[in-house]
Each structure stands twice: as C-alpha cells, then as structure tokens.
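Take a look at the structure below.
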Amino acid sequence: MPGWSATSPSSPWISTAPAPTPRAHSQPMQTMGAATELAVFDGARDAYTAAIQETPAEALAYLRPGDDYSLGGLTVHVNYVLEHYLGVLRAMQAAEFAECRPEDPPGLEETALRRARAGLTKAEVDSELELTSRLHGEVADLVTGMDPITRTAPVWYPGGKEVYPTSGADILGWLTGHYREHIPHVGSLTEAWRRDTETAASVAVVERFNQAFGSGDVDAILALMTDDCIFENTFPAPDGERVVGQAAMRQFCETFFSGTDKPRFSTEEIFAAGDRVITRWRFDWGEGESGGHVRGVDVNRVRDGKVAEKLAYVKG
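My numbering numbers the first residue of the sequence shown as 3 and each following residue consecutively.
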C-alpha cells in the first residue's frame with residue numbers, strides 16, 4: 003500500500019494513516035480475477051465486522067496506554083482508511099486514469115484521529131459499522147466499474163516525490179489487508195482490557211482488605227477472605243507459620259491483635275498483575291521506647307472478589 007505503515011512505535015498492532023509517499027517495497031497487487039478479489043475483500047470485511055461485534059460492549063471504550071485509538075475507535079480508523087482510498091479511486095476515475103493528485107477532505111484525518119481515541123458507546127460503534135458497510139460497498143462498486151481492475155493510473159500521493167502507479171486491484175488488496183490486520187488486533191485489545199479490568203478489581207479488593215487489617219477489624223478481614231484462605235506469617239524463621247481456612251485465620255487474627263500493643267498497619271505501595279497483588283507495608287506497634295516497626299511485603303492472590311492468599315515477607 004503506498005506509504006502504508008503497518009505498525010506504529012506504540013503498539014505492534016496499531017496501523018497509522020497512509021503516509022504521503024510510497025515505500026520502495028510496495029508493489030502492485032498480483033490480480034487473481036475481479037470476482038475472486040471482490041469475494042476476498044467482502045470476506046475480510048465480514049471477519050473484521052464479526053470481531054468487533056463479538057467484543058463486550060463494556061470493552062469498547064478501552065484505550066490501551068500509548069495507543070492511538072480505543073477498541074471501539076478502531077471502527078473510526080478503519081472508516082477513515084476506506085474514505086481515504088475512496089478518494090483515490092474517485093480521483094483516478096475522474097482523471098480517466100491520467101495523472102491525478104487525490105487529497106482528503108479538509109480535517110478528515112484530524113477528526114478521525116480525535117474520535118478514534120474517544121470511548122465509543124455500543125450504539126456509536128454500530129453506527130460506524132453501518133458506515134463501514136456503505137463505504138465498503140462504494141469501494142467495490144467503483145472497482146467493479148474499472149475494466150480491467152488491474153489498469154493503473156499515475157497517482158501523486160500527498161508529499162510524494164514521484165507518481166505511484168495504482169490500480170483498483172491494488173486498493174482492494176490494501177484494504178483487504180487492513181481489515182485482516184485488525185482482526186487479531188481486536189482480540190489483542192480485548193484480552194488487554196480483560197487483564198486490566200481484572201487487575202483493577204483485584205487491587206480494589208486488596209485495598210479494602212488492607213484497610214480492614216489496618217484497623218484490626220477481624221470480622222471485616224474474614225469477610226474479605228475465601229473459605230479456603232491461606233495466610234503465611236513472617237515468622238517463625240525460616241518459612242513462617244502457615245494458616246489455612248477461616249477458623250484458623252480468625253484464631254490467628256484475634257490472638258495477634260489482642261496480644262500486640264497498639265498494632266498499626268499502613269500501606270506504602272500497591273501494584274498488581276491480574277489476580278496477583280503486591281503490597282509494600284509498614285507495621286508499627288507500641289509507642290516510645292517500647293514501640294517499634296518493621297517493613298515488609300504481602301503477595302496476595304484474589305479469587306472471586308476475595309483474598310485467597312496472603313503471603314507475608316519482612317525485612318530481616
């Protein structure tokens with residue numbers, strides 16, 4: 003595709019807008035017959051559309067850090083590319099395959115980039131998919147009217163230093179490849195959304211758990227732990243006491259909080275990946291000469307909205 007950059011530095015799946023000049027390795031498409039090429043073009047559109055439609059509605063607003071557009075915003079990007087190449091086809095047709103200089107309507111790219119970053123609703127994405135169907139049909143109609151579809155026109159792309167021979171078959175191939183590129187991209191973003199959503203939910207659970215632990219509220223602590231919970235204490239050395247189940251955990255907590263002078267836990271840092279949450283904490287007890295503190299780390303595992311494991315480690 004002339005000047006097409008398949009990837010951007012921010013992500014292995016983020017297509018950029020067509021660049022103004024052809025790349026040296028871009029080659030005209032080897033045709034396999036108009037009917038076959040159109041069928042392949044339609045199939046790629048259908049597969050892309052299905053991938054978008056199968057995406058959970060709540061994921062459509064997801065914007066991965068560093069990306070150029072949200073999951074739902076992919077539909078805006080794809081439509082921008084369709085409109086861009088529709089403009090090229092129309093310019094080729096209007097010039098009767100003589101030299102031409104197609105240009106996007108003012109603001110087309112800027113508007114698309116802005117909207118693509120926004121969190122689109124399900125209704126907005128459905129509207130974009132309807133536009134995809136219309137633009138796709140217009141591309142197919144224009145290419146079908148070219149006889150043969152492999153006939154090339156000398157096209158000046160914006161910023162180009164020389165003409166780039168372009169045919170309807172070339173444009174079909176480029177757009178087919180663009181659809182196909184975004185099918186795994188949708189899957190990649192959906193998986194990233196699931197992972198980030200799980201991580202955020204896990205952090206929220208552990209934050210509530212830490213608050214309960216910090217206040218010494220045994221009932222609140224146990225309410226936030228699974229029935230088969232596991233707690234590994236920081237002592238005795240070398241491996242620490244292992245407490246398993248709600249009953250044992252209740253006994254440990256009641257003994258610990260009643261037998262410690264003014265226990266105080268504070269969270270210094272918390273971060274997570276999926277269901278694993280790491281907490282850097284400080285534990286203080288007593289006051290003055292009778293007091294002290296230690297600093298340590300908890301490795302937590304969250305399951306079904308509760309803490310299933312709390313593995314504690316302390317600085318020696």
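Built from N, CA and C at the ideal position, the CB exists for glycine as well.
Note that the structure is predicted; figures quoted are calculated from it, not measured.
Selection from the options that minimises the alpha carbon distance to residue i
i	options	result
R218	M148, P160, C231, F285	A small fix is needed here, since residue 218 is Gly in this sequence, not Arg. Cα-wise, what sits closest to G218 is F285.
I54	L191, R103, Y166	L191
F215	W283, V188, A249, W158	W283
D172	A114, Y87, P238	Y87
R66	L313, V245, R119, S169	R119
E56	E243, I185, G290, V205	I185
F267	R182, V246, G294, R278	G294
P107	K124, E101, A93, F99	A93
A142	P240, A41, V299	A41
Y1	D306, V299, G161	No answer is possible for residue 1: it lies beyond the span of the chain, which begins at 3 and ends at 318.
G45	G139, E234, E111, R116	G139
E234	K312, V304, G170, E200	K312
V123	G75, P150, E111, E85	This sequence places Thr at residue 123; Val is not what is there. Nearest C-alpha to T123: G75.
E270	A125, T113, E209	E209
A222	P240, E256, G242, R244	E256
Coarse secondary structure for residue i, derived from DSSP in three states
i	result
N302	strand
Y50	helix
V316	strand
E311	strand
S72	coil
K289	One point to set straight first is that residue 289 is Glu, not Lys, in the sequence displayed. In this structure, E289 counts as coil in the three-state DSSP scheme.
F237	coil
D230	strand
A2	What is shown of the chain runs 3 to 318, which leaves residue 2 out entirely.
S28	Because the pLDDT of S28 is 47, which lies under 50, any placement of that residue in the model is unreliable, and the number read from its coordinates should be weighed accordingly. Coil, per DSSP.
G189	helix
G216	helix
E183	helix
A41	helix
A275	strand
R266	strand
R282	strand
R92	helix
R196	helix
R66	coil
A59	helix
T23	Legend: pLDDT at T23 = 40, less than 50; position of this residue unreliable, value from coordinates given subsequently. If DSSP states are grouped into helix, strand and coil, T23 belongs with coil.
Environment of residue i [buried if 16+ CB atoms lie within 10 Å]
i	result
Y50	buried
S12	Unreliable positioning characterises S12 in this predicted model, as indicated by a pLDDT of 28, which lies under 50. The coordinate reading is nonetheless provided below. Classification for S12: exposed.
F43	buried
Y71	buried
S260	exposed
G121	exposed
F237	exposed
F258	exposed
E386	Because the chain is modelled from 3 through 318, residue 386 falls outside the range shown and cannot be assessed.
R47	buried
T168	buried
E164	exposed
V246	exposed
T134	buried
A61	buried
D69	buried
G161	exposed
G35	exposed
A52	exposed
A59	exposed
E39	buried
Contact check, residue i vs residue j, beta carbons under 8 angstroms
i	j	result
V80	F211	no
V127	T178	no
L144	L91	yes
I272	V301	no
H180	V83	yes
T252	V296	According to the sequence provided, residue 252 is Arg. The question's Thr does not apply to it. Not in contact: R252 and V296 (Cβ atoms no closer than 8 angstroms).
V207	L224	no
A203	A155	no
A100	T201	no
G290	D263	no
W158	R116	no
I151	G170	yes
T199	R305	no
C1	Q213	Lying outside 3 to 318, the shown extent of the chain, residue 1 is not represented and no answer is given.
E85	L110	yes
R197	G276	yes
Exercise. Starting from the N-terminal side, write out each stretch of the beta strand (DSSP E) that is 3 residues or longer and does not extend beyond the segment 96-174.
Key: 154-157, 166-169
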